[in-house]
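Here is the structure we will look at.
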Amino acid sequence: MRAVDIGPEPPVKEVYELACRIADTAISLGSERVAGFLEFIRVDRQFWLGLSMEPPRILDGPVLYDDSGDSHQRIPFGLVGGTVLQLYDQADWATETALTHAAASVVAGNVPPLEDRMLADARTILRRGPEALLPQALVLAAISTEIRIKRLLEELANEAQRSLVQILLNSPRDYSVAAQSLFDLPLKAVSGRSLKDDDRDLWKATGVLFTDRNAVAHRGASREVSTIRADVGTALRIKRYLISVTNGEMSSTDLELRFVANVGPPEPKEYRKNAE
809 MRAVDIGPEP
819 PVKEVYELAC
829 RIADTAISLG
839 SERVAGFLEF
849 IRVDRQFWLG
859 LSMEPPRILD
869 GPVLYDDSGD
879 SHQRIPFGLV
889 GGTVLQLYDQ
899 ADWATETALT
909 HAAASVVAGN
919 VPPLEDRMLA
929 DARTILRRGP
939 EALLPQALVL
949 AAISTEIRIK
959 RLLEELANEA
969 QRSLVQILLN
979 SPRDYSVAAQ
989 SLFDLPLKAV
999 SGRSLKDDDR
1009 DLWKATGVLF
1019 TDRNAVAHRG
1029 ASREVSTIRA
1039 DVGTALRIKR
1049 YLISVTNGEM
1059 SSTDLELRFV
1069 ANVGPPEPKE
1079 YRKNAE
């Protein structure tokens, strides 16, 4: 037999290290894309996916929940080590349109508006608890609402109005305007619509939302869970209203906003009986 010269040995270590670097880069980029995709889905309707830019939570324990309707009840399930499954109403499913929009937005390098992410976080906190953290949901909901109306006023203002709107919004020491008031005359000036004229009940609820926010954030006051739930619901209703003001053009991430008054589920009812 005759030895065949195949040249020097390939630099296995260098090739391996290069492959690892490529893999790490791919994983990092892939993770960023997945996280961005989940952000768009989360602010649409799937707020239960977790807090902003947080990896999806994996529920532990062999527990099944029926989240259709208002039940949120444990389903008797006796298999050891079973897979966790949660059931939701079809109205809560992500739509094909929302998924397509989310994917296109991620590819384009877009991110959901800050106010949408904050409101989704508020809903997540309200759902998860514990009760001691629920005031955070109220504060986030109120801040998201204030950011939303200020952004809309700047976007809708014409050339002649824009400078005045910016002075009004950015000089609180010189021109003090209560957050609730922004939904009345300032909004009417740039859009022809006023929340106070269109929906007096929601207008009053908006005042309660900001009053509760100030009490919690500035004075350390406490609020009942039912009050916090109502305030987060008010933020959702305001979001829907402002979308109607701009004919659906304000928040392209929330393609099919469905207002749910009971933002968080009731306390789950546990079943002790095991399935056969």
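To convert a position in the sequence shown, counted from 1, into our numbering, add 808. Just so it is clear, CB atoms sit at the ideal spot from N, CA and C, and this is done for glycine as well.
The Cβ atoms of alanine 930 and isoleucine 849 do not sit closer than 8 Å to each other. If the five residues before and after glycine 1015 are omitted, its C-beta is found closer than 7 Å to the C-beta atoms of Gln988, all from its own chain and listed in chain order.
Annotated as proximal: isoleucine 955 and glutamate 923, with beta-carbon spacing under 8 Å. Taking 8 Å as the cut-off, the beta carbon of alanine 1013 is found closer than this to the beta carbon of threonine 1042.
In the structure shown, aspartate 929 adopts helical secondary structure according to DSSP, grouped into three states. For aspartate 1005, the closest of Thr932, Ser999, Asp992, Ala916 by C-alpha to C-alpha distance is Asp992. Looking from the CA of glycine 1000, the closest CA among Ser979, Leu1050, Ala1029, Arg1037 belongs to Leu1050. Pairing phenylalanine 855 with alanine 910 gives a Cβ-Cβ distance that is not under 8 Å. Residue burial is scored here from C-beta neighbours: threonine 932 has at least 16 other C-beta atoms within 10 angstroms and is therefore classed as buried.
The Cβ-Cβ distance between lysine 958 and leucine 977 falls below 8 Å.
When secondary structure is reduced to three states using DSSP, glutamine 988 falls in the helix class.
Segment contact: the stretch 1018 to 1035 against the stretch 945 to 955, three or more CB-CB distances shorter than 8 Å; contact assigned.
Judged by their CB atoms, isoleucine 830 and threonine 953 are not nearer to each other than the 8 Å cut-off. Non-local C-beta neighbours of proline 943 in its own chain, meaning closer than 8 Å and more than five positions away in sequence, comprise Val1024, Ser1030, Arg1031, Ile1036, ordered along the chain.
Under the three-state reduction of DSSP, glutamine 969 is assigned to helix. For phenylalanine 1018, the enclosing alpha helix (DSSP H) covers residues 1008 to 1027. For threonine 903, there is no enclosing alpha helix (DSSP H), as DSSP gives it neither H nor E.
Judged by beta-carbon spacing, arginine 925 lies within the 8 Å limit of valine 851, meaning their Cβ atoms are closer than that value. Our two residues, valine 823 and threonine 833, have alpha carbons roughly 15 Å apart in a direct line. DSSP places serine 1030 outside both helix and strand once states are collapsed to three, so it counts as coil. Residues of the same chain with a CB within less than 7 Å of the CB of leucine 826, apart from the 5 flanking positions on each side, do not exist. Shown here, asparagine 978 sits in a helix according to DSSP, grouped into three states.
DSSP, read as helix, strand or coil, puts serine 913 in helix.
According to the DSSP assignment, glutamate 962 belongs to the alpha helix (DSSP H) that extends over 942 to 964.
Annotation: arginine 1048 to leucine 1010 spans about 11 Å, alpha carbon to alpha carbon. Here the C-alpha atom of threonine 1054 lies approximately 14 Å from the C-alpha atom of asparagine 966.
In the structure shown, the three-state DSSP call for arginine 1001 is coil.
For arginine 853, the number of other beta carbons within 10 angstroms of its own is at least 16, and it is reported as buried.
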